[in-house]
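Participant:
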Amino acid sequence: MGSCLTKIEREEMVTRCRGRKRYMKTFVEARQALSSSHTMYLRSLKATGSALLQFATAETPLHHPVTAPPVSVPGPQQPPMSPTSWGTSTTVSSSAVRPPPPPPPVQGSWDFWDPFMPASSPAATEEDWEETTATMSEVVMTPVRATAPEPAAEMAVVVSAKSKELVEIIKELDEYFLRAAGSGNQLSSLLEVPSFSFSDQRSTGKVYGYGKSLSPLLWTWGSSSSKMDGFGKFNEEVLHNNLNGSHCSTVERLYAWEKKLYLEVKNAETLKMEHEKRVKQLRRLEMKRADYIKTEKSKKEVEKLESRMMVASQGIETTSAEIIKLRESELYPQLVELVKGFMCMWRSMYECHQVQMHIVQQLKYLNTTPSNNPTSEIHRQSTLQLELEVQQWHISFCNIVKAQREYIQSLSGWLRLSLFQFNDNSVSKTKQDSAIYSLCEEWHLAIDHAPDKVASEGINSLLTVIHGIVVQQAEEHKQKKKSESVFKEFEKKTSELRALENKYGPFSMPDSSGAKNPVADKRAKVAILRVKSEDERAKYEKAVSVTRSMTLNNLQMGLPHVFQAVTGFANVWMHAFESVYNQGKAIDELHNVKMILPR
């Protein structure tokens, strides 16, 4: 029996159907992953903008202690230690402190994405920006049209040399992070994204407590919850549960039909092998002129098997027809809408990131008045939160690209195996067969050639510079603790010196026995501690100055680069999906023309 089953499993038809079933199972899982990664990417855009604004709000007073406008700071700033309590203070000029060099730029090139900044001469282009006279805050964007693919909207984006506060610039960035995230809402409905909730720091303005469970997501799967019993036993309910023709429902029903088809084909092959065996037995009986009753019994068994084979064949045809019907009437239109949705979303994201790329050019005009204001604990927490959100942005970007690759790979694999008939005739492709296969092949090609590595490295470079700030803030905090510790020891020894002076007098001399003068000894120790205290104080002031300089320098270098990278990627994908969509429309129009032409 085991040998027979092994032989059946090796039959070409069974092998094909098993492959189709596996591809469709992967497709079901890939659809869920694409839906989740899409949601997470939109969430990461919102969270990054929010965390960046919180960070800038905490940083702005530190850079502009006099001229900064009143802003909402989520807590009092920690005041610097009073110079009068240090005795003779040691001053370190912040102008003499040079921040560490910025990280090297990410290697990569874009062919056509930026009408303002040619890739061949970035240095000259920055010079051009300084000659521009119009204001940056007025950005004109052409509304996105979701009905048909068109060239990217042209935007009048210019920048002036008027200095803005850091928080003003980041607030503009945050606005376009929100717009970019909002551009995926229509696609979210097509993908039937899972409902979820998360604690939004915009509502509370608090950043404490992130160290334990930062931005937890509580997932609640909605329509995407599988009714496949763990992708196990075939469930009849799934086959006939339409769920209003949703993509999730279509994909799950296709998988259910594929499992049914696999079992039916496997059963048909089993009957076929059994029929062949019974026919041979009957022929042997007839050749031997065996007993009539025995021969007739064998004939009836063969006839019964032939009847069962006919029923099995009809079942295969019915199941195949249902799969083709689902593929043509539901899946293909859904795929066209998804391509259109991706095209519109990435067009909007390109426009938003392009504006952001020009907004951050204003960072060069920031008022860089040296400041020795220390980093507060709230600011340290907001920096850690920013690092976390940029890290999540990087992870979710990689995931959304990976999920889409797996989605289209599994779908293309299923189509390659499923576009055939269960008979000896040649494959007869319908209009939809050709259209859906062509659409998916073009989609697959576009995804495979996506330059996601450049964008991924761009986001990761921002993460690197933010991490540099985190490390420097930690070093400043460590030096602060060390400085305070030495100062406390200095105060303690000074108090002990005063007690000794009160006991022995400030000018006591050693006695005739040659014993040491306790006042003089204590005074010498206090003097050493005074010098050490002033030295640690100077190191702390230097660390503060380095933090302030590094923060601004890293933002000036990191933010333009990340928006350059994501703008380029969004533009490439926008054009890729436009190409897929336009070719799909062209194929449809060609078939429609052929259908109305006389034969």
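Letter by letter, the sequence shown follows residues 701 to 1299 in the numbering used here. Where a beta carbon is used, it is the ideal one built from N, C-alpha and C, also for glycine.
1. Measuring only the C-alpha atoms, how far is V1014 from K1000?
2. Can you tell me the Cα-Cα spacing of T1164 and K1239, whole angstroms?
3. Roughly how many angstroms separate the alpha carbons of E1030 and T950, rounded to a whole number?
4. Going residue by residue through the segment 1128 to 1200, where are the continuous alpha helix (DSSP H) segments of at least 4 residues, counting only ones entirely within it?
5. With DSSP as the reference, label S750 as helix, strand or coil.
6. How is G1041 classed by DSSP in three states: helix, strand or coil?
7. By the three-class DSSP mapping on this structure, what secondary structure does V893 have?
8. So the candidates are E1191, P1074, A1265, Q1104; which of them puts its Cα closest to the Cα of A1227?
9. With 16 as the cutoff for other CB atoms within 10 Å, does R1301 come out buried or exposed?
10. Among G719, T748, A733, A758, which residue has its Cα nearest to the Cα of L1252?
11. In three-state DSSP terms, what is R1230?
12. Measuring alpha carbon to alpha carbon, tell me which of D1235, V1244, S1249, E1022 ends up nearest H1177.
13. Can you tell me the Cα-Cα spacing of L887 and S735, whole angstroms?
14. Can L1155 and G1268 be called in contact, C-beta distance under 8 angstroms?
15. Please classify P1218: does DSSP put it in a helix, a strand, or coil?
16. Write down the C-beta distance between V1266 and I1159 rounded to the nearest angstrom, noting that I regard them as a contact closer than 8 angstroms.
17. Should S782 go down as buried or exposed, given a rule of 16 or more other Cβ atoms within 10 Å for buried?
18. Taking only the alpha-carbon atoms, compute the straight-line gap between K1180 and V1280 and give it to the nearest angstrom.
19. Do Y955 and M724 come within 8 angstroms of each other at the CB atom, strictly closer than that value?
20. Distance, Cα to Cα, R879 vs I1169?
21. Taking a contact to mean a Cβ-Cβ separation below 8 angstroms, would you say A1286 touches A733 in this structure?
22. Just how far apart, CA to CA, sit A756 and M1250?
23. Excluding the 5 residues flanking M713 on each side, which residues of the same chain have their C-beta closer than 6 angstroms to its C-beta?
24. At the level of alpha carbons, what is the spacing between L752 and D1152?
25. Just to confirm the assignment, what range does the alpha helix (DSSP H) spanning Y962 have?
26. Let's see if you can read the secondary structure: which residues bound the alpha helix (DSSP H) around S1020?
27. Once the 5 residues before and after P1218 are set aside, which same chain residues still bring their CB inside 6 angstroms of it?
28. Tell me which same chain residues have a C-beta within less than 8 angstroms of the C-beta of K871, skipping the five on either side of it?
29. Helix or strand or just coil, what does DSSP make of L734?
30. Tell me whether the beta-carbon of S946 lies closer than 8 angstroms to the beta-carbon of E1028.
31. By how many angstroms is the C-alpha of L1139 removed from the C-alpha of Q1283?
32. Just reading off the alpha helix (DSSP H) that Y1107 is part of, what are its end residues?
33. The alpha helix (DSSP H) spanning L878 covers which residue range?
34. Between which two residues does the alpha helix (DSSP H) carrying E1030 extend?
35. With distances taken Cα to Cα, identify the nearest neighbour of W1143 among L1119, S1112, L1162.
36. Can the beta-carbon of K972 be found less than 8 angstroms from the beta-carbon of M1009?
Facilitator: The relevant details are as follows:
1. Looking at the sequence shown, residue 1014 is not Val but Gln. So the two alpha carbons sit approximately 21 angstroms from each other.
2. One C-alpha to the other measures close to 25 angstroms.
3. 7 angstroms
4. You should have 1131 to 1148.
5. Of the three classes helix, strand and coil, the one that applies to S750 here is helix, per DSSP.
6. helix
7. coil
8. Cα-wise, what sits closest to A1227 is E1191.
9. No statement about residue 1301 is possible, as the shown extent of the chain runs from 701 to 1299 and does not include it.
10. A758
11. helix
12. Distances from the CA of H1177 to each of D1235, V1244, S1249, E1022 were compared; the closest alpha carbon is that of V1244.
13. 9 angstroms
14. Before going on, a small fix: residue 1155 reads as Ala here, not Leu. Yes, these two residues count as a Cβ contact at 8 angstroms.
15. helix
16. Contact between V1266 and I1159 holds, since their C-beta atoms are separated by about 7 angstroms, short of 8 angstroms.
17. Since pLDDT at S782 reaches only 34, below the 50 mark, its modelled position is unreliable, and no value is offered.
18. 58 angstroms
19. yes
20. Counting only the Cα atoms, I1169 lies some 28 angstroms from R879.
21. no
22. Between A756 and M1250, the alpha-carbon positions lie close to 14 angstroms from each other.
23. V965
24. 23 angstroms
25. 947 to 988
26. 992 to 1026
27. Residues L1200 of the same chain have their beta carbon placed closer than 6 angstroms to that of P1218, with the five preceding and five following residues left out of the count.
28. L753, A756
29. helix
30. no
31. Rounded to the nearest angstrom, the gap between the Cα atoms of Q1283 and L1139 is 8 angstroms.
32. 1077 to 1118
33. 866 to 882
34. Counting along the chain, E1030 falls outside any alpha helix (DSSP H), and DSSP gives it neither H nor E.
35. Ranking the options by Cα distance to W1143, first place goes to S1112.
36. yes
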